[in-house]
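**Q** Read left to right, the sequence shown gives residues -30 to -1, 1 to 159 (mature numbering (1 follows the signal peptide of the UniProt record, and there is no 0)). After the C-alpha cells below, expect a handful of questions from me.
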Amino acid sequence: MMVTTHLRFTLLLLPLAFVVIVSSSSQVRATNVGIESFSSPFATNLATLQSQIGYNFTNLNLLRRAMTHASFSQENNKALSVFGSHLIETSISLHLLSKDIDTSSKALTRLIAEVSNVDSSCALDGNRLGLERVIRVSPKTDASNSAIVCGGFRAIFGAVAIDSGMVDEAIKVFWKVHGDRGWILVSVL
Ligand SMILES: *[C@@H]1O[C@H](CO)[C@@H](O)[C@H](O)[C@H]1NC(C)=O
C-alpha cells in the first residue's frame, strides 16, 4: 500500500521534472542570445575598424560617437565630422606645399575640393572601410547614403585627433586610409 502510493507520486513528478529541465535550459539559451546581441556586431565592427585604420583608441567612446549618425542619437558625429573635414584640408595642404612650395593656390584649392568631394572621393574612402555597415543610423535611414558614409569617414579623423591630442596623428591616419591616389590629380592640374 505504502509502496504503491510512493510509486504513483514518483510517476507524477517525472513529467514535471522534465518540464522544469527543458524550460530552464531554453531559458539559458535565450539569455545567451541576449548577451551576444548586446555585446554586439557594433563592438566587433569598431574593433575591426581600428585595425583597418591602424589606430587604437584610448577612449573608444570617441570612435563610437564618430560612427553614430544624427538620426540615431543626440550624441552623434556632426561636430567630429566638421573637425575631420578641416583636418583633411590641413593634411592635403601640408602634404602638397611640403612637396612643392610653389604649388599654385588654384591647384591646392582644386585638390582640396577633389579629395573632400562627397561622391567622387570621400564616400569612396568610407566605403572602402565598409563604413556603411558600421555607422549607426535610425531604422528609417539608409546608412549607405554618400553623405552619411562621408560624414562618418571625416569624423574618424576628428575622433583620432581628440583621442591622441594630436592633429599629426589624425593626418597620419588619413594618408594611410586615403592612400596616394590624390597625387595622380596633382600632375594633371
Ligand atoms: C592595436 O591593438 C591590437 C590588439 O591589442 C594590436 O595587435 C595592434 O598592434 C595595435 N595597433 C596599433 C597601431 O597600435
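Note that beta-carbon positions come from the ideal geometry of N, C-alpha and C, so glycine has one too.
(1) Hey, quick one: how far does the alpha helix (DSSP H) through valine 147 stretch, first residue to last?
(2) Going by DSSP, what residues sit across from threonine 38 in a beta bridge?
(3) Does the pairing of the segment 127 to 138 with the segment 50 to 63 give three or more beta-carbon distances under 8 Å?
(4) With DSSP as the reference, label serine 7 as helix, strand or coil.
(5) Can you grab the Cα-Cα spacing for the pair glycine 149 / alanine 140, in whole Å?
(6) Within its chain, find whatever has a CB closer than 8 Å to the CB of phenylalanine 144; leave out the 5 residues flanking it on each side and keep chain order.
(7) Is any heavy atom of ligand 1 found at a distance shorter than 7 Å from the C-beta of asparagine 15?
(8) Tell me which residues share the same chain as phenylalanine 42 and place their Cβ nearer than 7 Å to its Cβ, disregarding the 5 neighbours each side in the sequence.
(9) Does the Cβ of glycine 128 lie closer than 7 Å to at least one heavy atom of ligand 1?
(10) Report whether the distance from the Cβ of asparagine 26 to the nearest heavy atom of ligand 1 is below 7 Å.
(11) Taking valine 88 as part of the alpha helix (DSSP H), name the residues at either end of that continuous run.
(12) Pull up the CB-CB distance for asparagine 46 and histidine 39, whole angstroms please, since I reckon it's below 8 Å.
(13) Use the C-beta contact count for glycine 96: other C-beta atoms within 10 angstroms, 16 or more gives buried, fewer gives exposed.
(14) Whole-angstrom Cβ separation of valine 104 and leucine 19, contact assumed at under 8 Å?
(15) Among residues of its own chain, excluding the 5 on either side of arginine 35, which ones have a beta-carbon nearer than 8 Å to its beta-carbon?
(16) Please classify isoleucine 118 as buried or exposed, where buried requires at least 16 neighbouring CB atoms within 10 angstroms.
(17) Where does the unbroken alpha helix (DSSP H) through serine 63 begin, and where does it stop?
**A** Straight from the coordinates:
(1) 137 to 148
(2) Arg106
(3) yes
(4) Residue confidence for serine 7 is low, a pLDDT of 47 falling below 50, so the modelled location carries little weight; the figure read from the coordinates is stated next. Serine 7: helix per DSSP, three-state reduction.
(5) 14 Å
(6) Leu57, Ile58, Ser61 and Phe127
(7) no
(8) Arg106, Val107 and Ser108
(9) no
(10) yes
(11) Looking at the DSSP string, valine 88 is not in any alpha helix (DSSP H), and its letter there is neither H nor E.
(12) 6 Å
(13) buried
(14) 6 Å
(15) Glu45, Asn46, Asn47, Leu50, Ala125 and Ala129
(16) buried
(17) 48 to 69
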